[in-house]
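Position one of the sequence shown corresponds to residue 0 (numbering that gives the first Met the number 0), numbered consecutively onward.
Structure, as structure tokens:
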Amino acid sequence: MCFFAILGVAPRERIISQQTSHCVVCGAATTHEAFESRPWFSLFFVPLFPVGAAQTYSRCRNCGLTRTQSTGPYGQSRN
């Protein structure tokens, strides 16, 4: 008997919030998305359960600049 399985771990993203502000790279007043990325275990390309800690990022929708949440969701430093 032979068993064949396709296993893997892949990140999934979830948008947390959106805000319009100026991007420090492209200078445009555009929407920035705060999102959470977390790795999920999958079996036959179906995500089953999370396997790691969530990382929080923000991304400019105009130029694609992505920053970690430690710099703040929209480029401001955290207090």
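Every residue, glycine too, gets a C-beta built ideally from N, C-alpha and C.
Please read these numbers as outputs of a predicted model, since none were measured by experiment.
Residue pairing from DSSP places Gly7 in a beta bridge opposite Ser41. With contacts defined as CB atoms closer than 8 Å, Glu32 and Arg13 fail to qualify as a contacting pair. Comparing alpha carbon positions, the residue from Phe2, Met0, Ala9 and Phe3 closest to Val45 is Ala9.
Annotation for Thr19: Thr30 place their beta carbon closer than 6 Å to its own, counting only its chain and skipping 5 residues before and after. Closest option to Gly51, judged by alpha-carbon separation, among Phe40, Ile15 and Ile5: Phe40.
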